[in-house]
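Take a look at the structure set out below.
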Amino acid sequence: MSYPVFFQPADAWVGDLIPFQKDGEFWLFYLHEIRSEPKPGTAWNLVTSKDLVQFQDHGVALPHGSSADPDFNCYTGSIVADGSGIHHLFYTGQNPGRLGADGLPLQLVMHATSTDGMDNWTKHPELTFGAPAEYEPGDWRDPFVFRDEAAGLWRMLLAARHSEGPERRRGVIAQCVSTDLMTWTHTEPFWDPRRYITHECPDVFEWNGWWYLVYSEFSETFTTRYRMAKSPTGPWTVPALDSVDGRAFYASKTAARDGRRFFFGWIASKEGHSDDGAWQWAGTMAVLEARQNPDGTLAFGFSDELVDSFWDEVPLELDGAAPFPTLPLRLDVPDGYSAAVTPNPMPTQFHARAVFDIQAGTTECGLLIRSTPDGDHSYVLRLEPKRGRLVFDRWPRTITGDGQWQVSGDVPFAIELERPCDLAPGSHALEVIVDGDLCVAVVDRRVALSTRIYDLAAGGIGVFAGEGSVTVTDFEVRKRTDN
């Protein structure tokens, strides 16, 4: 039988991930988001996976406190093991009824330990501490702890905000240091660009001589980004393509195994289960594998294990272009548009891969998902070589008026899902995994784009080109079962 590509508990949503690799297995702690009123407390739940294809749900790992406790909500943090094998869990405690001097709920760093391999946790409320005076007490969260061997100490990074300065640019990754994981001393900021509202879920790791700082930009873009340096204290530089994914993939944190690095985040749901709904906090777990380029920059795509889990070929009964269905398929439309779409609908869960040989001067090409046979109504993964980007689009959009031009958004595509990528003339592979209302696309195993697809429930798959010349040299769709 088939099983989900992306993990989500049956009764809730996946919030921020806290990944930890233990003995070759990924322990994926996450904020268990229940959308009900009155709002219950937030616990850490646990799911494990050996292959990042199948997941085992273990339920609650770190229970939240009572309505009187400072950790009624157990928010994001991190886990490290000390030299004796004790695991230390640092997390954010928050209670809506406990307010700071600014009238907002306090956020506090809290501590728990495990002496039995993370099966059980003991909380240590006496080790709780909040923000120093120069930071806002309502933004002191997501403690990330890592070992700096060169300095001989542990560093704790925190998503924080200066108490003074322009409202939108007070964000800072604050820092505390410790030699024993028990007593922490506030020190100079770890990263202080004075650019964003705040930088959530900080994460730092070293890989082949490069250090990487990962953070989720809490701003109008809500994007997970990374910076690079040759030491854990910087200076940090901005890579040309510094984002991990688009608007829908958020709060990504990382873990490594066998020299490989994986980014664990959640794909946000939308209000009303509608394409036009507002993005919501929390959603469904998704995993991207990072690959390190020769210059140290990172590329993002599917893991080989995930792609290989789709083993059954889906026939493509293509129509609409000639010669067809033989590949290679040439779409030569120097001043027009051409599409070829399967009349047979695709399964609700599949992996597709198309390779486009794009000639110079081409305006657009890509994939049509859940399309009508004529290609007019569909989701669109559009490569735009002249603009160097992948965008997500759909038709029809919601109509907001009687005139032909009165289309919802009045924009050329879903602007929050634009992804820059190198589309120089030549061959480019566009992959997509669809599972129900989830859709993740990857260009050349380098650039990822995740989103939701609610309104169009079924349809075919196709390729298209506009204003240029494109040859489709490979096109295949696979699923996991024959059912």
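Residue numbers for the sequence shown follow numbering that gives the first Met the number 0, beginning at 0 and rising by one.
Don't be surprised by glycine CBs; every beta carbon is placed ideally from N, CA and C.
Asked: What are the boundary residues of the alpha helix (DSSP H) that V4 is part of?; Found: Taken as a continuous stretch (DSSP letters only), V4 belongs to no alpha helix (DSSP H), as it is neither H nor E.
Asked: What are the residues that DSSP puts in a beta bridge with Q174?; Found: L156 and T186
Asked: Are P346 and G459 touching if we call contact CB-CB under 8 Å?; Found: no
Asked: Grouping DSSP H, G and I as helix and E and B as strand, with all else coil, what is D56?; Found: strand
Asked: Please confirm if T397 has its CB atom under 8 Å from at least one CB of chain D.; Found: Judged by its chain identifiers, the structure shown contains no chain D, having just a single protein chain.
Asked: Which residues does DSSP list as the beta-bridge partners of S468?; Found: D331
Asked: When DSSP builds the beta bridges, which residues end up paired with I78?; Found: L88
Asked: Pick from W310, Q53, F54 and L45: whose alpha carbon is nearest that of P62?; Found: L45
Asked: Tell me the DSSP secondary structure of R146 in three-state form.; Found: strand
Asked: From the DSSP output, in three-state form, read off I196 for me.; Found: coil
Asked: Tell me whether E316 sits in a helix, a strand or coil according to DSSP, three-state version.; Found: coil
Asked: Of all the beta strand (DSSP E) runs that stay within the bounds of the stretch 339–410, which reach a length of 3 or more residues?; Found: 348–357, 363–370, 377–383 and 388–394
Asked: Are there 16 or more other CB atoms within 10 angstroms of the CB of A11, so buried, or fewer, so exposed?; Found: buried
Asked: Could you check where the beta strand (DSSP E) with V243 kicks off and where it finishes?; Found: V243 -> no beta strand (DSSP E), and no H or E assigned at all.
Asked: Only counting runs of 4 or more residues, tell me where the alpha helix (DSSP H) segments fall wholly within the stretch 424–450, in order along the chain.; Found: none
Asked: Is the distance from the Cβ of V203 to the Cβ of Y195 below 8 Å?; Found: no
Asked: Can you tell me whether V213 is buried or exposed? The criterion is at least 16 other CB atoms within 10 Å of its CB, across all chains shown.; Found: buried
Asked: Assuming T112 contacts I85 (C-beta within less than 8 Å), just tell me the rounded distance between them.; Found: 6 Å
Asked: Would you mind stating whether R243 and S230 have Cβ atoms separated by less than 8 Å?; Found: A quick correction: the sequence has Val, not Arg, at residue 243. No.
Asked: Based on Cα-Cα distance, which residue from R369, G467, R193 and T397 lies nearest to E166?; Found: R193
Asked: For F263, tell me which candidate among A281, H272 and E270 has the shortest Cα-Cα distance.; Found: A281
Asked: Less than 7 Å between C-beta atoms, sequence neighbours within five positions excluded: which residues of the same chain meet that for Y74?; Found: L30, T41, Y90, T91, Q93 and R140
Asked: Candidates Q358, Y249, T283 and V313: which alpha carbon is nearest L330's?; Found: Q358
Asked: My output table needs one value for G461: the three-state DSSP class, helix, strand or coil.; Found: strand
Asked: Report buried or exposed for G507, applying the criterion of at least 16 other Cβ atoms within 10 angstroms of its Cβ.; Found: In the structure displayed, the chain extends from 0 to 482; residue 507 sits before or after that span and is not available.
Asked: If you measure between the beta carbons of E288 and S302, is that distance less than 8 Å?; Found: yes
Asked: Specify the secondary structure class of R169 as computed by DSSP and reduced to three states.; Found: coil
Asked: When the distance is taken between beta carbons, is F25 closer than 8 Å to L51?; Found: yes
Asked: Relative to the C-alpha of D275, which residue among D138, T397 and V462 is closest?; Found: T397
Asked: Need the endpoints of the beta strand (DSSP E) that E125 sits in, please.; Found: It is not in any beta strand (DSSP E) - E125 carries neither H nor E in the DSSP assignment.
Asked: As a quick exercise: from V406, A456, P142 and G335, pick the residue whose alpha carbon is nearest that of T361.; Found: G335
Asked: To which residues of the same chain is T485 closer than 6 Å at the C-beta, ignoring the five residues directly before and after it?; Found: Coverage of the chain is limited to positions 0 through 482, which leaves residue 485 absent and any answer about it impossible.
Asked: Using only CA atoms, which one of Y249, I452 and D373 lies nearest to F528?; Found: Outside the shown range of the chain (0 to 482) lies residue 528, about which nothing can therefore be said.
Asked: With 16 other CB atoms within 10 Å as the buried threshold, where does M284 fall?; Found: buried
Asked: Run the CB neighbour count on I266, radius 10 Å, all protein chains shown included, and call it buried at 16 or more, exposed below.; Found: buried
Asked: By how many angstroms is the C-alpha of P395 removed from the C-alpha of D401?; Found: 14 Å
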